Amino acid sequence: MTSQVSSPADQQRSPGSPAKEVRRLERVIIRFAGDSGDGMQLTGDRFTSETASFGNDLSTLPNFPAEIRAPAGTLPGVSSFQLHFADHDILTPGDAPDVLVAMNPAALKANIGDLPRGAEIIVNTDEFTKRAMAKVGYAASPLEDGSLEAYRVHPVPLTTLTIEALKDSGLARRDAERAKNMFALGLLSWMYHRPTEGTESFLRRKFAKKPQVAEANVTAFRAGWNFGETTEDFAVSYEVAPASAAFPPGTYRNISGNLALSYGLIAASQQADLPLYLGSYPITPASDILHELSRHKNFGVRTFQAEDEIAGIGAALGAAFGGALAVTTTSGPGVALKSETIGLAVSLELPLLIVDIQRGGPSTGLPTKTEQADLLQAMYGRNGEAPVPIVAPATPGDCFTAALDAARIALTYRTPVFLLSDGYLANGSEPWRIPEPDELPDLRVQFAAGPNHTTEDGTEVFWPYKRDPQTLARPWAVPGTPGLEHRIGGIEKQDGTGNISYDPANHDFMVRTRQAKVDGIEVPDAVVDDPTGDARVLVLGWGSTYGPITAAVRRLRAAGEKVAQTHLRHINPFPGNLGEVLKRYDKVIVPEMNLGQLATLLRAKYLVDAQSFTQVRGLPFKAEQLATVLKEAIDG
Amino acid sequence: MAETTTEAPTFEALSLVPKADGKQTMKDFKSDQEVRWCPGCGDYAVLAAVQGFMPELGLAKENIVFVSGIGCSSRFPYYMNTYGMHSIHGRAPAIATGLASSRPDLSVWVVTGDGDALSIGGNHLIHALRRNVNLKILLFNNRIYGLTKGQYSPTSEVGKITKSTPMGSLDAPFNPVSLAIGAEASFVARTVDSDRKHLTSVLRAAADHPGTALVEIYQNCNIFNDGAFEALKDKEQALEAVIRLEHGQPIRFGAPFGAERGGDGLGSKGVVRDQATGDLKVIDVTVEGTDGVLVHDAHAASPTTAFALSRLADADTLHHTPIGVLRDVRRPVYDSLMAEQLEKAVVQNGKGDLGALLSGNDTWTVVG
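Each protein sequence line maps, in turn, to chains H and W.
Here the first sequence stands for residues 1 to 636, where the numbers follow UniProt numbering.
Here the second sequence stands for residues 1 to 368, where the numbers follow UniProt numbering.
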């Protein structure tokens, strides 16, 4: 894939750099890499914000160790942030960086393998000391031994330059040095003509209580920009035009998956006219949702940081009983602990959202890396027959819509619902068209207000398990409603009355009815993208693989190949037309970041020979890799 | 300060809960479900006491919720004609916390047992106590697992012979009152299933307490641990075993120190502070020696003396077991604080505006 198309850009030359050449690019992939204390995530976030406000399409991939401060200068301590931005719509953070910013030898060593020949590398030469290089196994300096000949290397003494720029700031050398990430950001901002006002005002806001630090960071940022403009090493700067054609009209912002999901929950609460209650225990990569929701108490949002995962969901379930839109947020290990309470929610038939931001497993696994291996846990991980609907967002921005959809199902059908996001969606970001509140679905529900059953002797009574004939949902009668006092529990209940029942026929009926309720949930049909209508291979994914799968499909189609694509938002129940869709194609390829969990479900339910393509590296698929697999399927 | 058992309760803790329209009777709180505890179980007495006490609160019964875990006592909600949830093992305090913290208009009660609250649910119990959520926790302690047919529990005495410990249990028991005081509980009381009057007085004090109230109820399991509390119930033995605590009263117990011996008619034993160790000890009261006897102060800011009182009891013989309200202090209530933060957020930032939230500060517009 050729990403860099040079052309003279005479009209849009940056006013400050008249002498230097400006080339126009369609898209660029940049990776910032450094020690986990170097501020790479912040640097990447800022570059992303600048890029979003400039109007490029973008997609990001933060990648960091689980340790807050891993041993300095080591390979496991490397933290990186990859950003792909373009003048057209893009779907992934990109396969291979065009530019690597390496703040130390470890960052170079850990990332060099991902770089294509010809990529640009900006290295902080100050950190390439003998000791630092030896720490990561460089016997000789890679900057001098010719091993980087295939790349365009820009050696920049970032630390020295930053300290020099801040010599009048009054900061101690140690503190001044910490602004080197802003120097690097300034340099890259110059290289790619990024707007700078946003970052400067951000720095002043962030360090409002330490004006000296704020000014030092702004100074370093500007020094980096000026360095690019003046030094001869950087002869060319690049422009990537706004992706105007890629976006339907509207107002946009950049948004990460966890932020979109948090907003989706608040929106659902507003649209349902129910108070939002979050019961949660901190866990990576889900904690951001707890943090975000805690900031919006003025929406009537209650956030409860529980003593453990079990109490988190317990409190949420208690709030659901009381009539709240109740949510618990966690990751895979937390789901394992919550399983018994999810089973109780299935039995109580109360609305409850279980948000699982999946990460690498089993056990503690890879806390900061992405994976899709909780699907079968969500599907089956409970004692007894305990069906739970599953909704999966496809992109960071889609987490908003998926949260509303999960809330719709929970509220309409009075059931716990799994919302399966993952670490890649959670921390990745993309431009997002901001919806108008009046575009959002109406999620209002009717609480039970009076008796719903007449006994044989003519008495009007309330039966907590008398179901709606359409949805099979039971009434939601909240405490405080006179005359509807009732008791519910985890013991099997008699159909209708909800009283304890050990009757064999009743249990059989109740188990089948709970299953039928979930099976009957209304979900939209799967939409198949098959432009020529005669593709023989279908690629089917779910969740965060949407971006790489779609990018791969586009590459194949651009090369004249025929391939059909569908992507599942609903995994339990499956879309009603899915069986028919699967049978239409000779081959069904299912890429997943697990060992084939969706494929297992498809094969069991539809007796289709779905073929898995799997990867569990803690990273999203690369489009190129998927394109190769699909090409083999088409040719084979 | 909080009211005590001896003073008229105001039920201030329940001020946000709607009142009943008319006068209620015990019958109003009986559900239509057949009670299924073993005949002779102590739970019957507690159920009757609670149903009998509820009308005194005068609350709309639709605003009362009983939440329980798993175990014999946890069937309790089915028998109360209020809202109720029979949940899962150990989790009732967590579930009730969610309910109470989201619905200040409810009176939320937790019914639990020694296994439910102190073994599988120990974590939730201590955290509910430290948070001081507006919950009333009734901990039925029969010192045995009943529903699973007779294994030793975390309150069983060391050496307990049960099906799972044929050579005797090895682990030291919890003293639930000591545990609760250690967990920063703002209200801790102990009572006995068979003493309806005392049980009711403790329920009254608990209901009146803003925040989490823990009431340990010694309850007889006549099938698997019959007579576990006989020392407290038998009139003769109780003289040595039971220390009745009343706020503001000297801590005296035992056979009356009668006038014939120059006494004051109160118990002939008293609890005093050992000047050398600072600990508490039991003494025989003499005519001159009544001054040193501690006067019970349930409202003392420091939990030290309440804890020391809870340690007087001998886990094996139950001698010197204090009953009554050991501790009753005011502390900010979690759910009230949570509600205040929500109000404060509206004052500071205005009522949430969804459109503004979704837009954020950094947007761009694409024109078609």
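Heads up, the beta-carbon is just placed ideally off N, CA and C, and yes, glycines get one too.
Since the structure is predicted, the reported quantities are computational estimates derived from the model, not experimental observations.
Please name the residue, chosen from the options, that lies closest to residue i on a Cα-to-Cα basis.
i                         : options                                : result
alanine 172 of chain W    : W/Gly159, W/Ser178, W/Ile181           : W/Gly159
alanine 176 of chain H    : H/Gln305, H/Thr628, H/Glu340, H/Thr162 : H/Thr162
leucine 278 of chain H    : H/Ala319, H/Gln611, H/Asp45, H/Glu200  : H/Ala319
serine 269 of chain H     : H/Glu292, H/Glu215, H/Ala324           : H/Ala324
leucine 350 of chain H    : H/Gly118, H/Val478, H/Leu425           : H/Val478
glutamate 592 of chain H  : H/Glu200, H/Gln494, H/Gln372, H/Asp530 : H/Gln372
valine 287 of chain W     : W/Phe140, W/Glu236, W/Trp109, W/Lys269 : W/Lys269
glutamate 200 of chain H  : H/Thr43, H/Ala505, H/Ile255, H/Val101  : H/Thr43
leucine 199 of chain W    : W/Trp364, W/Phe29, W/Val46             : W/Val46
isoleucine 251 of chain W : W/Glu56, W/Ala92, W/Ala306             : W/Ala306
serine 169 of chain W     : W/Glu157, W/Phe11, W/Asp328            : W/Glu157
arginine 131 of chain W   : W/Val333, W/Gln348, W/Ala356           : W/Val333
serine 59 of chain H      : H/Ile255, H/Thr600, H/Thr159           : H/Ile255
aspartate 288 of chain H  : H/Ala272, H/Leu188, H/Ser339, H/Asn258 : H/Asn258
proline 333 of chain H    : H/Leu375, H/Arg131, H/Arg295, H/Leu317 : H/Leu375
asparagine 81 of chain W  : H/Glu485, H/Ser147, H/Gly498, H/Val22  : H/Glu485
Whose Cβ in chain H lies nearer than 9 Å to the Cβ of residue i?
i                         : result
methionine 167 of chain W : Here the premise fails: no neighbours, minimum Cβ distance about 32 Å.
leucine 354 of chain W    : Tyr263, Ile266, Ala267, Gln270, Gln271, Phe299, Pro437, Leu440
threonine 82 of chain W   : Pro479, Glu485, Arg487
lysine 61 of chain W      : Pro482, Glu485
alanine 183 of chain W    : Per Cβ cutoff of 9 Å: no residues; alanine 183 of chain W is ~11 Å from chain H at best.
Residue i touches chain H at which residues, Cβ-Cβ below 7 Å?
i                       : result
tyrosine 145 of chain W : The premise fails here: tyrosine 145 of chain W is roughly 18 Å from chain H at the closest Cβ pair, so nothing lies under 7 Å.
histidine 86 of chain W : Arg487, Gly489, Gly490, Ile491
Quick one: what's got a C-beta closer than 6 Å to residue i's C-beta in the same chain, skipping five residues either side?
i                       : result
proline 575 of chain H  : Val523, Asp525, Ala526
arginine 190 of chain W : Val177, Glu216, Ile323
tyrosine 424 of chain H : Thr370, Ser544, Pro620
methionine 1 of chain W : Residue placement at methionine 1 of chain W is flagged as unreliable, the pLDDT there being 39, under the threshold of 50; the coordinate-derived value follows with that caveat. Around methionine 1 of chain W: His299.
Report the three-state DSSP secondary structure of residue i (helix, strand or coil).
i                            : result
threonine 330 of chain H     : strand
valine 5 of chain H          : Note that valine 5 of chain H scores 31 on pLDDT, short of 50, meaning its location in the model is unreliable; the coordinates nonetheless yield the value given after this. Reduced to three states, the DSSP call for valine 5 of chain H is coil.
aspartate 284 of chain W     : strand
threonine 25 of chain W      : coil
alanine 45 of chain W        : helix
methionine 85 of chain W     : strand
valine 202 of chain W        : helix
asparagine 254 of chain H    : strand
residue 416 of chain W       : Because chain W spans 1 through 368 in this model, residue 416 of chain W falls outside it and cannot be assessed.
isoleucine 64 of chain W     : strand
leucine 99 of chain W        : helix
serine 347 of chain H        : helix
alanine 623 of chain H       : helix
aspartate 468 of chain H     : coil
alanine 33 of chain H        : strand
phenylalanine 247 of chain H : coil
What residues of chain H sit near residue i, judged by a beta carbon separation below 8 Å?
i                        : result
aspartate 362 of chain W : Ser49, Ala52, Ser53, Gly198, Arg253, Asn254
Beta carbon of residue i: closer than 6 Å to some heavy atom of the ligand MN?
i                            : result
phenylalanine 574 of chain H : For the ligand MN, the structure offers nothing, since it holds no ligand at all.
Could you tell me how far apart the beta carbons of residue i and residue j are, in whole angstroms, since I believe they sit closer than 8 Å?
i                         : j                            : result
leucine 352 of chain H    : alanine 267 of chain H       : Going by Cβ atoms, the distance from leucine 352 of chain H to alanine 267 of chain H rounds to 18 Å, so no, they are not a contact pair.
leucine 147 of chain W    : glycine 71 of chain W        : 5 Å
aspartate 95 of chain H   : glutamate 624 of chain H     : 5 Å
isoleucine 589 of chain H : glutamine 611 of chain H     : 5 Å
leucine 185 of chain H    : phenylalanine 227 of chain H : In fact, because the Cβ distance is near 12 Å, the residues do not count as touching under 8 Å.
alanine 94 of chain W     : alanine 306 of chain H       : 7 Å
leucine 148 of chain H    : aspartate 126 of chain H     : Leucine 148 of chain H to aspartate 126 of chain H, Cβ: 17 Å. No contact.
proline 18 of chain W     : aspartate 105 of chain W     : 6 Å
List the residues of chain W whose Cβ lies closer than 9 Å to the Cβ of residue i, in chain order.
i                            : result
phenylalanine 207 of chain H : Chain W residues near phenylalanine 207 of chain H: none, gap ~17 Å exceeds 9 Å.
phenylalanine 249 of chain H : Note that residue 249 of chain H corresponds to proline in the displayed sequence, not to phenylalanine. Residues of chain W passing the Cβ test: Thr365, Val366, Val367, Gly368.
Once the 5 residues before and after residue i are set aside, which same chain residues still bring their CB inside 8 Å of it?
i                        : result
glutamate 385 of chain H : Val511, Arg514, Gln515
aspartate 21 of chain W  : Ala60
alanine 255 of chain W   : Leu239, Gly267, Ser268
Using C-beta distances below 7 Å, list every residue in its chain close to residue i, excluding the 5 sequence neighbours before and after it, in chain order.
i                            : result
arginine 273 of chain W      : Leu280, Leu294
aspartate 10 of chain H      : Residue placement at aspartate 10 of chain H is flagged as unreliable, the pLDDT there being 36, under the threshold of 50; a coordinate-derived value is accordingly withheld.
phenylalanine 191 of chain H : It should be pointed out that residue 191 of chain H corresponds to methionine in this sequence rather than to phenylalanine. Excluding sequence neighbours, methionine 191 of chain H sits near Gly228, Phe234, Ser237, Tyr238.
arginine 91 of chain W       : Gly69, Gly121, His124
Mind listing the chain W neighbours of residue i? Cutoff is C-beta to C-beta under 7 Å, in chain order.
i                      : result
leucine 352 of chain H : Under the 7 Å cutoff, chain W gives no residues; its nearest Cβ is about 11 Å from leucine 352 of chain H.
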